[in-house]
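Chains as they are written, first to last, in the working numbering: chain A, 34 to 438; chain B, 34 to 438; chain C, -1 to 139; chain D, -1 to 139.
For each residue, glycine too, the CB sits at the ideal point set by N, CA and C.
Worksheet: one structure, shown below.
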Amino acid sequence: MIDIQAIRKDFPLLQQKIYNRPVVYFDNAATTQKPQIVINTINEYYQKYNSNIHRGVHFLSEKTTEAYENARQIIKNYINASFQHEVIFTSGTTESINLVAFSFGEKYIKQDDEVIISQLEHHSNIVPWQMMCERKGAKIKVIPATYNGDLDIAALERLFSDKTKIVCVNHVSNSLGIINPIEKIIQISHSHNVPVLIDGAQGIQHQPVDVNKLDCDFYAFSGHKIYGPTGIGVLYGKEKWLNEMPPYKSGGNMIKTVTFEKTIYNDLPFKYEAGTSNFIGAIGLGAAIKYIENIGKQNIFDYEEMLLHYVSEKISKVPGIRIYGTSDNKICVISFLIENIHHFDTGIMLDKMDIAVRTGNHCNQPTMKFYGIEGTVRASLSFYNTIEEIDYFVESLLQVKKIFA
Amino acid sequence: MIDIQAIRKDFPLLQQKIYNRPVVYFDNAATTQKPQIVINTINEYYQKYNSNIHRGVHFLSEKTTEAYENARQIIKNYINASFQHEVIFTSGTTESINLVAFSFGEKYIKQDDEVIISQLEHHSNIVPWQMMCERKGAKIKVIPATYNGDLDIAALERLFSDKTKIVCVNHVSNSLGIINPIEKIIQISHSHNVPVLIDGAQGIQHQPVDVNKLDCDFYAFSGHKIYGPTGIGVLYGKEKWLNEMPPYKSGGNMIKTVTFEKTIYNDLPFKYEAGTSNFIGAIGLGAAIKYIENIGKQNIFDYEEMLLHYVSEKISKVPGIRIYGTSDNKICVISFLIENIHHFDTGIMLDKMDIAVRTGNHCNQPTMKFYGIEGTVRASLSFYNTIEEIDYFVESLLQVKKIFA
Amino acid sequence: MTIDQIQEQIVEEFSVFTDWMEKYTYLIELSKELQGFKEEFRINQNLIKGCQSQVWLQVEFKNGKIIFYADSDTVLTKGMIALLIRVLSNRTPEEIVNAKLWFVDKIGLTTHLSPTRSNGLISMIKQIKLYAIAYKTKYNI
Amino acid sequence: MTIDQIQEQIVEEFSVFTDWMEKYTYLIELSKELQGFKEEFRINQNLIKGCQSQVWLQVEFKNGKIIFYADSDTVLTKGMIALLIRVLSNRTPEEIVNAKLWFVDKIGLTTHLSPTRSNGLISMIKQIKLYAIAYKTKYNI
Ligand SMILES: Cc1ncc(COP(=O)(O)O)c(C=O)c1O
Ligand SMILES: Cc1ncc(COP(=O)(O)O)c(C=O)c1O
Chain A
34 MIDIQAIRKD FPLLQQKIYN RPVVYFDNAA TTQKPQIVIN TINEYYQKYN
84 SNIHRGVHFL SEKTTEAYEN ARQIIKNYIN ASFQHEVIFT SGTTESINLV
134 AFSFGEKYIK QDDEVIISQL EHHSNIVPWQ MMCERKGAKI KVIPATYNGD
184 LDIAALERLF SDKTKIVCVN HVSNSLGIIN PIEKIIQISH SHNVPVLIDG
234 AQGIQHQPVD VNKLDCDFYA FSGHKIYGPT GIGVLYGKEK WLNEMPPYKS
284 GGNMIKTVTF EKTIYNDLPF KYEAGTSNFI GAIGLGAAIK YIENIGKQNI
334 FDYEEMLLHY VSEKISKVPG IRIYGTSDNK ICVISFLIEN IHHFDTGIML
384 DKMDIAVRTG NHCNQPTMKF YGIEGTVRAS LSFYNTIEEI DYFVESLLQV
434 KKIFA
Chain B
34 MIDIQAIRKD FPLLQQKIYN RPVVYFDNAA TTQKPQIVIN TINEYYQKYN
84 SNIHRGVHFL SEKTTEAYEN ARQIIKNYIN ASFQHEVIFT SGTTESINLV
134 AFSFGEKYIK QDDEVIISQL EHHSNIVPWQ MMCERKGAKI KVIPATYNGD
184 LDIAALERLF SDKTKIVCVN HVSNSLGIIN PIEKIIQISH SHNVPVLIDG
234 AQGIQHQPVD VNKLDCDFYA FSGHKIYGPT GIGVLYGKEK WLNEMPPYKS
284 GGNMIKTVTF EKTIYNDLPF KYEAGTSNFI GAIGLGAAIK YIENIGKQNI
334 FDYEEMLLHY VSEKISKVPG IRIYGTSDNK ICVISFLIEN IHHFDTGIML
384 DKMDIAVRTG NHCNQPTMKF YGIEGTVRAS LSFYNTIEEI DYFVESLLQV
434 KKIFA
Chain C
-1 MTIDQIQEQI VEEFSVFTDW MEKYTYLIEL SKELQGFKEE FRINQNLIKG
49 CQSQVWLQVE FKNGKIIFYA DSDTVLTKGM IALLIRVLSN RTPEEIVNAK
99 LWFVDKIGLT THLSPTRSNG LISMIKQIKL YAIAYKTKYN I
Chain D
-1 MTIDQIQEQI VEEFSVFTDW MEKYTYLIEL SKELQGFKEE FRINQNLIKG
49 CQSQVWLQVE FKNGKIIFYA DSDTVLTKGM IALLIRVLSN RTPEEIVNAK
99 LWFVDKIGLT THLSPTRSNG LISMIKQIKL YAIAYKTKYN I
């Protein structure tokens, strides 16, 4: 297990008082806090080495390029990709998915083709596919979910046709915290010769990810949700696809030769990294992943699971509470409503008690529609949260109930 | 004028020794150094307020959202846009141009239409148009340049046809530093009812920009080139175009309602800001622009012009030097070759003397082809550079000559 | 009383509260007292959809004055609506057009009018101002 | 001499230089002495395009050994080529396949082999190794 007191000291924001006491930060699914080492790394690179990467002949440029490519190596190892050039830096999960929707779409999707997504996707894994399908005259098919938030895998099998070109599901759903059986989904899809994109925005920081073992074709995630900086993300893609697809963004660095008549694209990974990358962001993300590795990701996941059991048990005692996503396969996210109290009212009151939660539809309207509600209160925890915070949170919920009674 | 000694103290990197002495950083067109206040702002927001923006009901989220929207306001004022929602945050110039190439292309470009760009564009203002034109069956026409690096404006008039849909030129060319007569280009284009995109990657930090007065339709720039963080950029667009065009990236935040059948896009500027923005990057960019405003941009530009005159005069005395881009309309960029010495050899030697310049084709192969060369050495200065640095630079060039004699 | 006088009155009322809890308890009280929104007006046409909560707004023009009724699905927003009605309803278009709402800030509830919260209140006020401008123009007053 | 012995020799040669200036002057010397690249081989097929500079590479297989000739448009790269030829040319495929090039690091010229510099040298070495593997397989040696 982890030394929670030591870990909390690594995160300066957790020491911040909001109104009366240090914040109870339960909004980790929206974005995570950064350990001091990540902030220091960003600082250091701006103060000592900042310089544009690649093709620079000077010392600073070489230093920054090395650090940038080293970050790629760290990520490659963390997700166990086969090659470093299968790790593409993007600005976040949303851009990673847009990249695949565009580039895969341009290459492989024709009129009447079909894309399979699930009922419980984040808008970032719905709208890019919709837009591409609209452009191409293709269709979206939806894997249904069961009431407890699990996907209906039996139904998936029936969705395939010879027009199915790609399957796109999240590793963990953001509004409910449900862990999807992605191994199985990938297996089934591959048995139909259909590649799979995993939206790992909520997966990478709470679950082991081995892209080689998973055999997924694409895996997308955001730096800011895994204790790294904003504005940086990753797309892992199998070499084969990355080689075959046309680029998404274009511009500097992603080409070999340009004339006004014709342009020859650069090798991987640069083909997909047009323009000046967020190199300081990438270096910061590398530092974040190193930080996780130092603690040991299994230690983190074990501790988070303990928190999940504790909070689930505790919160179930609050009278009138209703949890959305009751499956056992979940990360430490509690999406809920208290009877007769609007999620907004709950959120505002918790804020006044120095508890940060998210309220609303969580960029996940189809999920809300599925439950016939407008939104929920979502408490999403991370390994720097504590049992004591959970106790205080549950007490506060009881107080909210009293206030609105 | 400015107090150069005071200003240099604001930039920690300039105090860094590389081999023997503090770096002479003449690679500002590639990326700029950051004043301490920008680094501190990033620090502070990660340590105290970091939280995902928009729709959060808690204190931290509100603080960060306010700072993010405040950065938008700062930029709106700096470029004198009509509305805050005409300022779209992107990941950089390259993304800004890709956005317009895609979204404008989807809406307005048909088979056989024409896009006008110039001979002296950065790859980021060539390839996105090429890719779009290829998709749409449209064509690119090129404004020719004269040998000194000025665009041949007389020729522009003749390029228009009733198929011309957009004109895209840079404000200042990156490989030569030539300031283009964008007012005139915009005026001519508008007289043909054709909108204009200005690639301001090298313009915004060295020239006054008033998008209202210019009446440009789009203006794109990168944060990292104007003393701000990496991974953040801006697209200014006239409200009319931004309203009419479809979005580029899609996902969270950029929609109002999502069902699997149909999606309704959000209002400006959010329609174009899918996913979690680089909010800390935007806040850092706001700090950078505030920093410039505090010094006074005219003071900066005057000082830079003085540097230009000084370096031009001095360097012309180096025997065998050849300057590319000899027009009088230029910013403080010297692109050159020394007779019989390869740009790479010059660059490596200057590096050893602690001078950082860029060598190669500067993502600008058509310009190199125009001059029939493989690349140049480019020294690009900024307002934190000094007369003394220029003296040392010119001495060093003389030494390079001696070494390779 | 003028709009400013009412605002002063509200500020005074709130000045007795020593912490946020008391303020919010009072807001909840106000929300319970908020009456007058007829079921027949709870229609899509009157709906202002915020990201977090919804507001319904119904406007009447009577004897040169604008009267409005509003409701919300959240209690706290409803409490705020009660305050806004006290300040802005039953006023001439001229008064509404010129009104500056400074009381929200003074009583420490700015967050509820923050554009970042998107609870529908800001859109509601905007909508009321637009009505005022429209009536002012229409009746030339 | 083995590849490692030559490398040691080079490291010793460089050990007398006390600053970068002397090293680079020596590299420039070496570049001037680099001979043997025939004009007829300066063709596109032999060209390795780096982002910063270009390298031409021509390979011969004679008496079970790989001999190679190379040239570059930059003087410093050419100097490096001279060193690489001393180490790697006229060797059996086996030797080349197993060679580890540690001397570049030791003499403080790593930057010239840094993948970030893209001056064609790394691609050149890769190319030579590929030839070695090909010959090794072809002749089963
Ligand atoms: C004129 C010009 N346009 C576009 C770009 C691309 O900017 P970025 O790499 O920040 O996207 C650059 C950067 O070098 C530039 O100089
Ligand atoms: C499941 C899921 N997918 C995609 C995203 C989008 O990530 P980002 O906003 O960092 O691009 C999120 C973020 O909330 C998410 O939770």
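Three-state secondary structure assigned by DSSP to A/C201:
It is a strand residue.
So the beta strand (DSSP E) A/I173 belongs to, where does it begin and stop?
Where A/I173 is concerned, the enclosing beta strand (DSSP E) starts and stops at K172 to I176.
Let me check you understand the geometry: is the CB of A/D60 closer than 8 Å to at least one non-hydrogen atom of ligand 2?
For A/D60, the CB stays at least 8 Å from every heavy atom of ligand 2.
Determine the DSSP secondary structure at A/E154, reduced to helix, strand or coil.
Three-state DSSP puts A/E154 in coil, outside helix and strand.
B/T290, enclosing beta strand (DSSP E) - first and last residue
Looking at the DSSP string, the run of the beta strand (DSSP E) that includes B/T290 is I288 to V291.
The beta strand (DSSP E) spanning B/T392 covers which residue range?
Its beta strand (DSSP E) spans residues R391 to G393.
Member of C/K30, C/G106 and C/E6 whose CA lies at the smallest distance from the CA of C/A80
The option with the nearest alpha carbon to C/A80 is C/K30.
At the 9 Å Cβ level, is D/Y67 part of the contact set with chain B, yes or no?
No, D/Y67 lies away from the interface with chain B (no Cβ there is under 9 Å from its Cβ).
Which listed residue (D/N42, D/N61 and D/K60) has its alpha carbon closest to that of D/D69
Taking only the C-alpha atoms, the option nearest D/D69 is D/N42.
Touching or not, the segment 114 to 131 of chain B and the segment 153 to 173 of chain B, by the rule of three or more beta carbon pairs under 8 Å?
By the Cβ test, the segment 114 to 131 of chain B is in contact with the segment 153 to 173 of chain B, since at least three Cβ pairs between them sit closer than 8 Å.
For chain C, is any of its Cβ atoms less than 9 Å away from the one on B/V291?
Judged by the 9 Å Cβ criterion, B/V291 is not in contact with chain C.
Closer than 7 Å, Cβ to any Cβ of chain D: which residues of the segment 88 to 106 of chain A, in chain order?
Here the close residues are R88, V90, E95, T98 and E99.
Would you list the one or two residues that DSSP bridges to D/W54?
Residue pairing by DSSP places D/W54 opposite D/L45 and D/D69 in a beta bridge.
Rounded to whole angstroms, what is the Cα-Cα separation between A/N85 and A/G308?
Near 11 Å, if we compare the C-alpha coordinates of A/G308 and A/N85.
Beta-carbon contacts of A/V120 that lie in its chain and below 7 Å, excluding the five residues immediately before and after:
The answer, listed in chain order, is R105, I108, K109, A114, V267, Y269 and P302.
Spatial neighbours of A/F437 within its chain, please: CB distance less than 6 Å, with the 5 preceding and 5 following residues excluded, ordered by chain position.
Closer than 6 Å at Cβ, skipping near neighbours: I374.
Proximal chain A residues relative to D/T109, where beta-carbon distance stays under 9 Å
Chain A residues near D/T109: V90, F92 and E95.
Measuring only the C-alpha atoms, how far is A/R411 from A/I367?
The straight-line gap from Cα to Cα measures roughly 6 Å.
When you compare only the Cα positions, how much space is there between D/T72 and D/F66?
Straight-line Cα distance between these residues: approximately 18 Å.
Residues of chain B with CB under 7 Å from D/V57, in chain order?
What D/V57 touches in chain B: nothing, since even the nearest Cβ is about 24 Å away.
Alpha carbon to alpha carbon, what distance is there between B/V175 and A/N397?
Spanning the two alpha carbons is a distance of roughly 45 Å.
Of the residues A/I75, A/H91 and A/I40, which one's Cα is nearest the Cα of B/Y58?
With distances taken between CA atoms, B/Y58 lies nearest to A/H91 out of A/I75, A/H91 and A/I40.
Closest by CA to A/P352, which one among A/Q220, A/F369 and A/A178?
Checking every option, the nearest Cα to that of A/P352 belongs to A/F369.
Is A/T379 helix, strand or coil by DSSP?
Three-state result, A/T379: helix.
Is B/A171 near ligand 1, judged by its Cβ being under 8 Å from some heavy atom?
Not under cutoff, so the answer is no.
Taking only three categories from DSSP, how would you classify B/F334?
DSSP places B/F334 in helix when its eight states are reduced to three.
Does D/G106 pass the burial test, meaning 16 or more other C-beta atoms within 10 Å, or should it be called exposed?
Burial call: exposed.
With a 10 Å radius around its C-beta and 16 neighbouring C-beta atoms as the bar for buried, classify B/S442 as buried or exposed.
Only positions 34 to 438 of chain B appear in the structure, and residue 442 of chain B is not among them; the question remains open.
Under a CB-based cut-off of 9 Å, is D/Q50 close to chain A?
It does; some Cβ of chain A falls within 9 Å.
Return the CA-CA distance between A/E407 and A/G380, expressed in angstroms with no decimal places.
Rounded to whole angstroms, A/E407 to A/G380 spans 14 Å at the Cα level.
From this set, A/K282, A/S283 and A/I297, which residue's C-alpha is nearest A/K289's C-alpha?
Closest in C-alpha terms to A/K289, from the list A/K282, A/S283 and A/I297, comes A/I297.
Check whether the Cβ atoms of A/T400 and A/H376 sit closer than 9 Å, and answer yes or no.
No, Cβ-Cβ distance for A/T400 and A/H376 is not below 9 Å.
Own chain partners of B/R41 with C-beta closer than 7 Å, once the 5 adjacent residues on each side are dropped:
Around B/R41: L47 and Y417.
Less than 7 Å between C-beta atoms, sequence neighbours within five positions excluded: which residues of the same chain meet that for B/F403?
Around B/F403: Q152 and A178.
Are the C-beta atoms of A/T392 and some chain F residue less than 9 Å apart?
The structure shown contains no chain F; its protein chains are A, B, C and D.
Assuming contact is defined by CB atoms lying nearer than 9 Å, are B/S413 and B/G210 in contact in what I supplied?
A contact, by the Cβ cut-off of 9 Å.
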